[in-house]
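Accompanying notes for the structure given below.
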Ligand SMILES: [Zn+2]
C-alpha cells in the first residue's frame, strides 16, 4: 500500500512548473544550518536532506538558485554534480536502488536573491534591516536546495546564525537560542510535514507580542517596536478567530501561530507553515485588513495542513481561505457569507469569464477571480448540502487529510458523501467551465 500522503498524481512533473522538483524521490527531512550576514546579504551553510528513492537513480536533481557550491555528499561520500539553470544534478558514487533511503548534503555560499517570476520576486528577500522569505509557488530554491514540489512534504530543522541584535522567526518551534561572541544561533524544529514553498524565515528587529493569555495554541506577533500597540489593537480578535476556525474547520493543525509584521510595505500578506507575514501597510484596522487576518489564518488548514498535489488545484487553497473571510464576517456580526457571496457574484458577472477554476493555467493561478469564484463554489456547496452537512463535510475534510496532499477530485469525492443530490453538475459548472453559473437558491 502506498503511504497515505502520496497521491496518484505525485509521480509526475507539475503541469504548471514542469522543471521544478524531481518526482523520482521523496524527501522526508531537511536540516538546514545557515549563517546569514544581513549587511552584505551573505548566506553560507549546509543543507542535509534525508530522502527515499522511488526508482533506480544513477542521478537525481535538486532545485537551487545561483550559489557557489563547495561540496555535495550522498550518503557521506563525495558525489559528482553540475549546477546550472537552477538545477543541481547529482551523480552519486553508487547508483541508488528503488526504495533506498539516502542522504544528500550540500554546502553552499552566496548572496541570496529572489527568483524571478511573473508575480515578481519569490523567495529570499533582503530588507533594509534583515530579510524575509515568501516562496509561493517556486521561490524556495532561492535559499536552500530542495525538491521543489508541493506534494513532497517533509519535516525541517532550521538553524540560523546571525548578528545578535536581530530576531529570527522560522517555521516551527524554537528549540534553542545560543549566543556566542556577537552572533546568535536560533534553532527551529518543524515537526509537521511541510511543503518547500511554506518554509519561511524572517530576520529583523522585532519585539514579540503575545496575543492571548493561556491560549490553546500560542499566538505571537513579531513586530517592529514602534508598531507593537497598533498590532495588539488590530490583531486583538485573532485568538477569537482561531477559536472559531477551530470549531468549524477542526483543531488548529500546528503547535504555534506566529505573525510577523515586516518593517516594509508588502503587496499582500503571505502564509507559511505556522507563520504569516504581513507588511506595515496591513496595520490600521477596517474590514479590508481584518479579512486578510482571517484569510492567512485559514491557510493553516487549507494549503498548509491540507496541501495541494500540484498547482492546478490552487483554488482549494484560495477558495476556502476566501470563504473563511466570509464565515468570519458572519460569525463576528458583520455581513453574512450570503451577502459576501452575492457581492462576489456581481463582481465576477462584470468581468471576463475565461478562467477555469479547476485548472486555471499558470498565468491565472493568482488572479483575483480565482479567489472570488473559489469562495463562491464553497458557498454553492453550503447551499446544496445545508449547514449541518456542509460543516461536517468541512471538518471531516481537514481531519481526513490533516498533513496530507489532495486534489480537486478528492474534494469532489469527499463532498459527494454528504448528500444524496448529485454534485457532478455543480462541480462541472463551477470548476470546469469558464462561464459564471448562477448561485444555487
Ligand atoms: Zn491566500
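In the working numbering, the protein residues as written are 8 to 448.
For each residue, glycine too, the CB sits at the ideal point set by N, CA and C.
Everything numeric in this text was worked out from a predicted model, so none of it was measured.
Asked	Found
Closest Cα partner of residue 43 within the set 24, 205, 120	120
Test item: CB-CB of residue 400 and residue 436 under 8 angstroms	no
Residue from 64, 161, 177, 159 whose Cα sits closest to the Cα of residue 167	177
Residue 215 - DSSP class collapsed to helix/strand/coil	strand
Inter-residue spacing [alpha-carbon to alpha-carbon] between residue 174 and residue 48	16 angstroms
Closer than 7 angstroms: residue 306 CB and nearest ligand 1 heavy atom	yes
Separation of residue 75 from residue 256, as counted between CA atoms	44 angstroms
Reference residue 269; option with closest CA among 228, 250, 249	228
Residue 328: CB within 7 angstroms of a non-hydrogen atom of ligand 1	yes
Span of the alpha helix (DSSP H) around residue 434	431 to 434
Integer-rounded CB distance, given that residue 391 should sit under 8 angstroms from residue 316	Between residue 391 and residue 316 the Cβ distance is about 25 angstroms, and since that is not below 8 angstroms, they are no contact.
Beta-ladder partner(s) of residue 53, from DSSP	40, 114
Beta-carbon contacts of residue 113 that lie in its chain and below 6 angstroms, excluding the five residues immediately before and after	54, 79, 152
beta-carbon residue 442 near ligand 1 non-hydrogen atom, thresh 7 angstroms	no
According to DSSP, residues forming a beta bridge with residue 320	DSSP lists no partner for residue 320.
C-alpha gap between residue 24 and residue 347, whole angstroms	33 angstroms
Sequence-distant residues of its chain with Cβ nearer than 7 angstroms to residue 161 (five each side left out)	34, 35, 36, 37, 200, 201
Any non-hydrogen atom of ligand 1 closer than 7 angstroms to residue 324 Cβ	yes
Residue environment, residue 149, which counts as buried when at least 16 other CB atoms sit within 10 Å	buried
Option in 107, 398, 73, 98 with minimal Cα separation from residue 57	107
Short Cβ contact (8 angstroms threshold) for residue 304 with residue 261	no
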